[in-house]
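Shown next, in structure tokens, is the structure this report addresses.
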Amino acid sequence: MSTAPGPAPADPAPQGTSGGPPAPLGRGTLGRRLVIRVTALVALAAVLLSLATALATRGLLLQQVDQQVNAVVAGQRDGPQSGRPGDKDDIVQVGNPRDTIIAAFAEDGTVLDSRILRRGYGEPPPLSAAADASLAALPVTAAKRSVDVEGLGHYRVATYGVEYQLTNGDGEVLQGRVVVGVPLVEVDRLLAQIAALEAVLSLLAIAGAAVAARAVVLRSLRPLNRVAATAQQVSQLPLDRGEVALAVRVPAADADPTSEVGRVGQALNHLLNNVETALAARQASETKVRRFVADASHELRNPLAAIRGYAELTRRSRDAMPEDAAFAMARVESEAERMSRLVEDLLLLARLDSGPAIEVGPTDLTELVLNAVSDARAAGSEHSWQLDLPAEPVLALGDRHRLHQVVVNLLANARTHTPPGTRVETGLAVREGQAVVTVA
1 MSTAPGPAPA DPAPQGTSGG PPAPLGRGTL GRRLVIRVTA LVALAAVLLS
51 LATALATRGL LLQQVDQQVN AVVAGQRDGP QSGRPGDKDD IVQVGNPRDT
101 IIAAFAEDGT VLDSRILRRG YGEPPPLSAA ADASLAALPV TAAKRSVDVE
151 GLGHYRVATY GVEYQLTNGD GEVLQGRVVV GVPLVEVDRL LAQIAALEAV
201 LSLLAIAGAA VAARAVVLRS LRPLNRVAAT AQQVSQLPLD RGEVALAVRV
251 PAADADPTSE VGRVGQALNH LLNNVETALA ARQASETKVR RFVADASHEL
301 RNPLAAIRGY AELTRRSRDA MPEDAAFAMA RVESEAERMS RLVEDLLLLA
351 RLDSGPAIEV GPTDLTELVL NAVSDARAAG SEHSWQLDLP AEPVLALGDR
401 HRLHQVVVNL LANARTHTPP GTRVETGLAV REGQAVVTVA
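The numbers in UniProt numbering rise by one with no breaks, and the one at position 338 of the sequence shown is 338.
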């Protein structure tokens with residue numbers, strides 16, 4: 001069963017093409033990756049700079065505190081700086097920075113004296129047992145260190161050894177050590193403020209870098225997006241249909257060989273030039289082949305018609321011919337007919353390839369099918385031709401001559417490829433808004 005549709009639907013969109021190029025900063029795009037990487041680098045630089053600034057500031061502040069610790073140590077009467085032993089009752093001196101701690105310990109760790117200097121509160125109060133225990137564990141060393149004193153907080157301390165003359169009258173000299181500490185509360189507060197300020201500035205810098213990177217990347221990728229748009233436009237051209245003119249090119253501004261994107265645009269233009277040249281060569285070759293086929297078919301029609309005519313003339317006298325000669329002439333006539341059909345097919349292909357203009361208009365398919373079946377009945381009277389037409393005329397948009405040619409070819413095929421006496425039914429109907437012609 002064969003069908004002939006009614007109005008031809010519009011050509012579908014080319015397969016494999018997307019609705020449009022992706023967003024410049026869409027997921028997985030080069031622009032998005034560049035913005036993320038630039039922002040990450042700026043964030044890393046901001047973090048490293050903040051750490052370096054915090055460490056440098058902390059070092060400077062600790063140097064100032066160390067100077068205060070040195071001043072407290074130097075101010076201790078009868079300390080190692082004086083070069084002579086002193087009295088243990090004179091270990092702690094007033095006049096040092098507020099909340100300074102000074103503790104003296106015997107060699108075996110016994111607390112000789114420990115005080116925290118609080119101005120305006122009279123006699124400096126002693127340290128707690130827990131604070132004494134944490135200070136007593138510190139060894140004598142020339143380096144200053146930051147420690148947490150139990151119940152007092154963060155301190156910068158120095159530990160040095162001393163000799164003390166006991167007051168028991170026997171002249172005994174006691175070996176021991178003194179721990180001096182200056183509070184780091186102001187240093188910690190200042191470092192916390194600096195860290196908070198650096199965090200705010202770093203966030204602002206990262207946000208600014210992200211915005212700037214986005215603007216710069218979008219601007220830098222505009223030429224590449226135009227190149228991609230050109231390639232997308234070319235990919236949607238019907239390159240398989242007849243003559244193709246590739247008038248689309250990358251603009252000269254985007255084909256500058258001095259830039260990376262420009263080299264891509266220039267390469268795409270060279271590619272389009274080569275493709276256009278190849279398509280033109282293909283079109284010229286196909287035109288020559290079609291012309292040759294059409295000319296050869298036209299030239300073959302006349303000698304084939306003559307051969308068929310002479311072969312048909314010999315039918316009248318074949319009874320008088322020798323059997324082998326009559327068989328040979330019958331074969332000549334048969335092959336001439338087959339060759340004529342091949343030539344007609346070649347002519348039809350040549351006309352189809354040449355792409356003649358199709359005249360689309362309202363066509364009465366009822367009349368067209370009726371005439372085609374009438375012609376087929378006259379040409380093949382040995383067949384039984386049946387026709388089934390609807391009560392109402394069927395109209396469709398199409399080229400009347402092309403549609404008539406299609407129906408005639410279907411009927412001719414049915415007549416040629418079936419034995420005499422075959423029943424050939426031709427029908428016309430309307431299904432789902434389409435006209436359907438059947439030959440069975």
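Beta carbons are placed, not taken as given, at the ideal position from N, Cα and C, and that holds for glycine.
From a predicted model like this one, the values you see are computed outputs, not experimental measurements.
Among residues of its own chain, excluding the 5 on either side of residue i, which ones have a beta-carbon nearer than 7 Å to its beta-carbon?
i: L346; result: V293 and S297
i: D256; result: G262
i: P126; result: S114 and R115
i: R145; result: V157
i: A305; result: none
i: R219; result: none
i: Q193; result: none
Since residue i and residue j are thought to touch, with beta carbons under 8 Å apart, how far apart are those beta carbons, to the nearest angstrom?
i: A46; j: A195; result: The pair is not a contact, with the Cβ atoms about 13 Å apart (cut-off 8 Å).
i: A326; j: R318; result: 4 Å
i: A215; j: V42; result: Contact flag wrong, Cβ pair sits at about 14 Å.
With a 10 Å radius around its C-beta and 16 neighbouring C-beta atoms as the bar for buried, classify residue i as buried or exposed.
i: T277; result: exposed
i: H401; result: exposed
i: V289; result: exposed
i: M321; result: exposed
i: I36; result: exposed
i: P183; result: buried
i: H404; result: buried
i: T110; result: exposed
i: R118; result: exposed
i: G265; result: buried
i: residue 441; result: The question about residue 441 has no answer, for the chain in this structure spans 1 to 440.
i: E198; result: buried
i: V187; result: buried
i: T258; result: exposed
i: L411; result: buried
i: T418; result: exposed
i: A103; result: buried
i: D152; result: A quick correction: the sequence has Leu, not Asp, at residue 152. It counts as buried.
i: A207; result: exposed
i: A350; result: buried
i: L60; result: exposed
i: L112; result: buried
i: A52; result: exposed
i: A396; result: buried
I'd like to know whether the C-beta atoms of residue i and residue j end up nearer to each other than 7 Å.
i: T363; j: G309; result: no
i: V248; j: V234; result: yes
i: A131; j: V149; result: yes
i: V217; j: L34; result: yes
i: V180; j: A210; result: no
i: V394; j: A435; result: yes
i: R98; j: L191; result: no
i: R156; j: V73; result: no
i: L239; j: L272; result: no
i: E123; j: Q175; result: no
i: residue 469; j: G361; result: The shown model of the chain, from 1 to 440, leaves out residue 469, and the question about it has no answer.
i: V38; j: A252; result: no
i: L300; j: V343; result: yes
i: T366; j: L348; result: no
Just to confirm my understanding: we take residue i, look at its own chain, exclude 5 residues before and 5 after, and list those with CB closer than 6 Å. What are they?
i: R431; result: none
i: E333; result: A311
i: G433; result: none
i: A429; result: V436
i: I101; result: I116 and G181
i: N269; result: R249, V250 and A255
i: P223; result: D254 and V261
i: S50; result: E198 and S202
Between which residues of its own chain and residue i is the CB-CB distance below 8 Å, once the five residues before and five after are set aside?
i: V140; result: T159, Y160, G161 and R177
i: R415; result: A376, A379, G380, H383 and V424
i: V65; result: R156, V182, L184 and V187
i: S128; result: E150 and G151
Can you find a C-beta in chain B that's less than 7 Å from the C-beta of residue i?
i: G361; result: Looking for chain B here will not work: only one protein chain is present.
Problem - Three or more C-beta pairs below 8 Å linking the stretch 329-341 and the stretch 362-379 - result: no
Handout entry: Stretch-stretch touch, CB-based, cutoff 8 Å, three pairs: the stretch 377-385 with the stretch 421-439
Key = yes
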